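Residue numbers (numbering that gives the first Met the number 0): 0 to 248.
Beta carbons: idealized from backbone N, C-alpha and C, even for Gly.
The structure presented is a predicted model; accordingly, all values stated were derived computationally and were not measured.
Accompanying notes for the structure given below.
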Amino acid sequence: MRRTTTIATLVSVLLAAVLAVPSTARAEERPSRWGGYGHGFAGVLLGDLGGQGYGLAASTALGDGAGPSSFAGMLGGGGRARLGRYLMLGGRGFAVIAPPKQGIHGSARFLGGGGGLDAAFVAYDDDRWLVYPYLGVLGLGVELDVDSSSPAPRRIGDARIEPEARVQLESGFAMIELGAGAQRIVFGDPSGGVMVGMELGFLYSVRVSPWQIDGVEVQGLGGPSLNGGYLRLTVGGGGAHTLRRRRGS
Numbered sequence: 000m001r002r003t004t005t006i007a008t009l010v011s012v013l014l015a016a017v018l019a020v021p022s023t024a025r026a027e028e029r030p031s032r033w034g035g036y037g038h039g040f041a042g043v044l045l046g047d048l049g050g051q052g053y054g055l056a057a058s059t060a061l062g063d064g065a066g067p068s069s070f071a072g073m074l075g076g077g078g079r080a081r082l083g084r085y086l087m088l089g090g091r092g093f094a095v096i097a098p099p100k101q102g103i104h105g106s107a108r109f110l111g112g113g114g115g116l117d118a119a120f121v122a123y124d125d126d127r128w129l130v131y132p133y134l135g136v137l138g139l140g141v142e143l144d145v146d147s148s149s150p151a152p153r154r155i156g157d158a159r160i161e162p163e164a165r166v167q168l169e170s171g172f173a174m175i176e177l178g179a180g181a182q183r184i185v186f187g188d189p190s191g192g193v194m195v196g197m198e199l200g201f202l203y204s205v206r207v208s209p210w211q212i213d214g215v216e217v218q219g220l221g222g223p224s225l226n227g228g229y230l231r232l233t234v235g236g237g238g239a240h241t242l243r244r245r246r247g248s
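Given below as C-alpha cells:
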C-alpha cells in the first residue's frame with residue numbers, strides 16, 4: 000500500500016511539474032502541428048496485482064508464499080494522433096505478465112491483456128522534445144493460473160482444487176489511467192524521425208467482475224484488481240507537420 004501511495008505521489012508531482020513548465024512554446028504564436036506517433040514499449044508495474052488478497056496463502060489453499068503479486072512486466076504498443084497545438088488522441092494494447100508466486104502447496108501466476116484510449120495535453124514541444132500528461136480509459140482481461148502440487152485437495156475461496164491439478168481463474172475490469180510522458184526525436188526532424196522516451200503513470204481498476212472458474216463464480220477470494228504505478232520505456236517514430244497562421248490574416 001505504501002509503495003502504491005508513493006508511486007501515485009510521484010506521478011502527481013510529475014504532472015504538476017509538466018504543467019508548470021515555462022516555455023515560449025505556450026505563447027500565442029506557437030505553431031499548430033498535425034501528425035502522428037507510434038511506438039512499442041516495455042516497462043514494470045508495481046502495486047496490488049490480482050486483488051485476491053491473501054486467500055491464496057491460506058493454509059487450506061496454496062500456503063505461505065502464494066500471496067498477491069506486487070510486481071509485473073508490461074509489453075505493448077500503440078500510437079497517438081497530434082491534433083493541433085495541444086491535443087493528442089491515442090490508443091494502445093498491452094500485456095501484463097507477473098512472475099509465479101510459490102506457496103507450500105503450489106504456485107499461482109497473474110497474467111493479463113487489454114487496451115484502451117487516452118487523451119493527452121501537449122505541455123511542451125520544440126524541434127526535438129514532446130512532453131505531455133495524459134488521461135485514459137482501459138479494459139483488461141486477466142487470468143490467475145493456479146498449479147497445485149499437493150497430493151490432497153485444496154480450496155481457493157469456495158472452489159475445490161483436485162490433487163496436483165491446474166486450474167485457471169478468469170475475470171476482467173475497466174481501469175482509469177493517469178500519467179505523463181516525454182519523447183525525443185533522436186534521428187530525423189520534426190516532420191518525421193525515430194523517437195525514444197518514457198512514460199510514468201498510475202492505474203486504478205473500476206467495474207470489477209468476480210473471479211470465475213469455467214464460468215462459475217468463485218466466492219471468498221475477493222474481486223480482481225490492478226492498482227499500481229508503472230514506468231515504461233518507448234521506442235518508435237513519427238512526426239508532425241507545422242501549420243502557421245499568416246500574420247495579419
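Distance between residue 199 and residue 123 (C-alpha atoms, nearest Å): 16 Å
Please list the terminal residues of the continuous beta strand (DSSP E) segment that includes residue 38. 31–48
Excluding five sequence neighbours on each side, which residues of the same chain lie with their C-beta closer than 6 Å to the C-beta of residue 217? 156, 158 and 210
Using only the alpha-carbon positions, how far apart do residue 151 and residue 195 sit? 52 Å
Please state whether the Cβ-Cβ distance between residue 134 and residue 117 is less than 8 Å. yes
On the premise that residue 127 lies in contact with residue 184, defined as a C-beta separation below 8 Å, what is that separation, rounded to the nearest angstrom? 5 Å
Beta-carbon separation of residue 131 and residue 175 under 8 Å? no
Do residue 137 and residue 115 count as a contact pair if the criterion is CB distance below 8 Å? yes
Can you tell me whether residue 182 is buried or exposed, with buried defined as 16 or more other CB within 10 angstroms of its CB? buried
State the Cα-Cα distance for the pair residue 168 and residue 99, rounded to the nearest angstrom. 14 Å
Looking only at its own chain, which residues have a Cβ that is under 7 Å from the Cβ of residue 192, when we skip the five neighbours before and after it? 184, 186, 236 and 238
In this structure, how does DSSP classify residue 2 when only helix, strand and coil are distinguished? Low local confidence applies: a pLDDT of 46 at residue 2 is under 50, so the model's placement there is unreliable, with the coordinate-based value given in what follows. The answer is helix: DSSP assigns residue 2 an H, G or I state.
Which of helix, strand or coil DSSP assigns to residue 54: helix
Residues near residue 161 in its chain [Cβ-Cβ closer than 7 Å; skip 5 each side]: 152
So residue 188 is in the beta strand (DSSP E); what residue range does that whole segment cover? 165–188
On the DSSP letters alone, give me the boundaries of the beta strand (DSSP E) that residue 79 sits inside. Annotation for residue 79: the continuous beta strand (DSSP E) segment containing it runs 68–83.
Going straight from the alpha carbon of residue 103 to that of residue 47, what length do you get? 22 Å
What is the DSSP secondary structure of residue 151, counted as helix, strand or coil? coil
Cβ neighbour criterion (16 or more within 10 Å) applied to residue 205: Residue 205 is exposed by the Cβ-count criterion.
Nearest to residue 171 by alpha carbon, out of 112, 190, 213 and 189? 112
Of the choices 72, 105, 89 and 82, whose alpha-carbon is the least far from that of residue 38? 89
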